[in-house]
Amino acid sequence: MVLLLYPQFGEAIEIHEIRWGFGDRPMANKINPVTILVENTEPQAFESEIRLQRETLRGQQIDIALSTTTYIAPFEKKWVQFYPYLTESADNWTISWKHGTEQREQSFFSPRTRSSTVTVQLIQPDSLSKVIPGIKQYPEDLFPPLSGALDPLSGVFLDHLPKWEKSRRISFL
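Numbering (our numbering), first residue to last: 29 to 201.
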């Protein structure tokens with residue numbers, strides 16, 4: 029009821045899921061992909077900068093903010109990827125964006141890191157791929173296009189040829 033009377037209190041975007049590294053546990057002292065599922069909940073397109081920033085528990089910024097300008101069509105979802113260097117500790121992180129003239133943010137903790145590399149099976153989105161026991165699955169469309177973000181991987185299983193743009197193919201090779 030409040031949103032109907034005061035629409036300015038609605039959120040332009042919602043954060044639905046955060047994937048840390050490969051297998052939802054990042055590797056310590058490496059660059060890891062952090063993939064965030066963002067939904068535009070409004071009838072207008074969302075186009076703004078989304079920032080990922082490590083902070084102290086008191087809200088003081090640590091390191092530089094990672095940012096990307098993102099366009100999300102009305103009522104659509106989109107994966108947004110960042111590539112932070114993660115340490116051995118579980119840190120406090122903030123995702124921030126502008127909604128009109130207001131700055132919005134959401135805070136969360138990163139999971140505990142792992143010390144060893146991981147092997148993943150690349151799967152097609154929305155497919156019923158055969159699961160290999162003991163191997164984490166990772167969506168092929170979220171595979172990082174940067175080779176520096178692949179250090180946490182020790183191996184990749186494929187049962188199909190991924191449909192990637194050139195940057196992801198080069199990163200994989």
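Even for Gly, the Cβ is constructed at its ideal location relative to N, Cα and C.
Extent of the continuous beta strand (DSSP E) run through residue i
i, result
"I151", "V146 to I151"
"S205", "This structure leaves residue 205 out entirely; the chain is present only between 29 and 201."
"G176", "Element bounds for G176: n/a, residue is neither H nor E."
"E42", "I41 to W48"
"R132", "E130 to F137"
"K105", "K105 to F110"
"E67", "V62 to N68"
Span of the alpha helix (DSSP H), counted from its first residue to its last, around residue i
i, result
"S199", "K194 to F200"
CB contact flag (residue i, residue j, <9 Å)
i, j, result
"W125", "R132", "yes"
"L114", "S95", "no"
"I78", "I151", "no"
"P153", "E168", "yes"
"D187", "K158", "yes"
"N68", "I41", "yes"
"Q134", "V62", "no"
"I59", "A177", "yes"
"L106", "T98", "Looking at the sequence shown, residue 106 is not Leu but Lys. Yes."
"S138", "P54", "yes"
Which residues DSSP lists as bridging residue i, in chain order
i, result
"I160", "Beta-bridge pairing links I160 to no other residue."
"E168", "Looking at the DSSP assignment, E168 forms no beta bridge with any residue, so it has no partner."
"L80", "L94 and I123"
"Y99", "E75"
"R142", "M55"
"G183", "T147"
"L114", "K58"
"Q88", "According to DSSP, Q88 bridges with nothing at all."
Any non-hydrogen atom of the ligand ZN closer than 8 Å to residue i Cβ
i, result
"E77", "Summarising the ligand content, the structure contains no ligands, and the ligand ZN is consequently not present."
Short CB-CB distance (under 9 Å) between residue i and chain D
i, result
"Q109", "Included in the structure is just one protein chain, with no chain D present."
Does the stretch 163-181 come into contact with the stretch 191-198, if we say contact requires no fewer than three beta-carbon pairs (one atom in each stretch) closer than 8 Å? These segments touch.
Does the structure place the stretch 78-88 close enough to the stretch 143-159 that three or more beta carbon pairs sit under 8 Å? no
Give a yes or no on contact between the stretch 92-108 and the stretch 65-74, applying the rule of three or more CB pairs nearer than 8 Å. These segments touch.
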